[in-house]
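To keep things clear, I will list the structure first and then write my remarks on it.
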Amino acid sequence: MEKLLHWSVANSQGDKEAAEKVGQPDPKLLQQLFGGGRDEPALMRQAIVVITNPEAELEAKLIAFDNFEMLIENLDNANNIENLRLWEPLIGVLQSPEPELRAFALSVIGTAVQNNVNSQENFLKYEHGLPQLIQIAKNTDEKADVRTKAFYALSNLLKHNKDSYAKFKELHGLDVIAPVLNDSNATDKLKLRVLSLITAVMTSTTVDSDFMKTLRNERILQTSLKFLHSDSNIYIIDKVLNFLSHLINAGEKFDDSEVSTLKSGLQDISSVEDRLNEDDYKTVKLAVSKY
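Counting in our numbering, the sequence shown runs from 16 upward without gaps.
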């Protein structure tokens, strides 16, 4: 290390004679110091070893999780979770008594499967994985930030993946949506994640009369419409308008009760129109004006 320091100083000062006396530093040491030649699969394994070690301190596990998530933001590393057989221990962390670890595991799952069909399909191979995501998402005794991460993972798992949605629906996953939107104690952040899940679902199924029937049976549509109120969180209003515009652009129609709610809702949120997504607002407003 001392030799490397002298070499660095000599080169920075342009002292060729001093640099020659010191000689070239160890290439392996240079790689370690400047990030080259990292064995990322080995780092991923090491992180999971720490995370699953019952003797490791919580802080050490959280640092390991942070490092692991940064690594799997890379598509190849995300796909390597399966190759390295790390999905099983990762899913196992969802049973941890520590909420911080459960939240991190959910965040990592969501990041790994985001816009990544291979990782989505790999995760689905583990039959206990998706049921656990759904269970955490609907558990009202769970901490809000953990549930929020569960919806993040679900949204990314279901987006543009018909197989994921089919299994989600089979497991009655849609049942988790309306209760959260109806829960006055649920945070706005959690509700936003739930609305994002609805949008993700629409990328993985045909938006038709059958889907509209499902939305009504699950009371997802009716519950979403109640947020068209000027007192609602502006981002939630935007999410609802985006959801509605997707339905409208797919050619779906609203019933009399829904139209009535929409008309009063649009009138109420007109006071915040300048803060909303212009395209979605105009799409919904134009569609409703035709009833």
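By construction, the Cβ of each residue, glycine as well, lies at the ideal position given by its N, Cα and C atoms. Fair warning: this is a prediction, and the values are worked out from it, not measured in the lab.
Problem set entry | Straight-line gap, L58 to N89 (C-alpha atoms, nearest Å) | 13 Å
For this session: Tell me whether L148 is buried or exposed, calling it buried when 16 or more other Cβ atoms sit within 10 Å of its Cβ.
Result: buried
For this session: Locate the alpha helix (DSSP H) running through Y250, then write down its first and last residues.
Result: I249 to N264
Exercise. Any idea if N68 is buried or exposed, counting beta-carbon neighbours within 10 angstroms, 16 or more meaning buried?
Worked result: exposed
Problem set entry | Cβ pair K164, G125 closer than 8 Å | yes
Exercise. By Cβ distance below 7 Å, which residues in the same chain neighbour E55 in space, the five residues on each side in sequence not counted?
Worked result: L86 and N92
Exercise. Does the count of Cβ pairs from the region 251-266 and the region 207-222 closer than 8 Å reach three?
Worked result: yes
Exercise. Between E97 and N131, is the Cβ-Cβ spacing less than 8 Å?
Worked result: no
Problem set entry | Length-filtered (4 minimum) alpha helix (DSSP H) runs lying within the region 63-133 | 73-87, 90-98, 102-107 and 114-128
Problem set entry | DSSP three-state assignment for N232, whether helix, strand or coil | helix
Problem set entry | Beta-carbon contacts of I251 that lie in its chain and below 8 Å, excluding the five residues immediately before and after | D203, K206, L207, L210 and F242
Problem set entry | Whole-angstrom distance between H175 and K184, CA atom to CA atom | 15 Å
For this session: Express the C-alpha separation of N292 and I249 in angstroms, rounding to a whole number.
Result: 10 Å
Problem set entry | Unbroken alpha helix (DSSP H) run spanning F269, endpoints | F269 -> no alpha helix (DSSP H), and no H or E assigned at all.
Exercise. Which residue from S170, N171, W102 and R117 puts its Cα closest to that of Y141?
Worked result: W102
Problem set entry | L301 classed as buried or exposed, judged by whether at least 16 other C-beta atoms fall within 10 angstroms | exposed
Exercise. Which term fits K182, buried or exposed, when burial requires 16 or more other beta carbons within 10 angstroms of its beta carbon?
Worked result: buried
Exercise. Buried or exposed: G280, going by 16 or more other Cβ atoms within 10 Å of its Cβ?
Worked result: buried
Exercise. Whole-angstrom Cβ separation of D270 and E233, contact assumed at under 8 Å?
Worked result: That pair is no contact at about 15 Å.
For this session: Could you have a look at F12 and say whether DSSP puts it in helix, strand or coil?
Result: Because residue 12 is not part of the residues shown, which for the chain are 16 to 306, the question remains open.
Problem set entry | Distance CB(L186)-CB(P146) smaller than 8 Å | yes
For this session: Check each candidate in L262, V303, S245 and I106 and name the one with the smallest Cα separation from D289.
Result: S245
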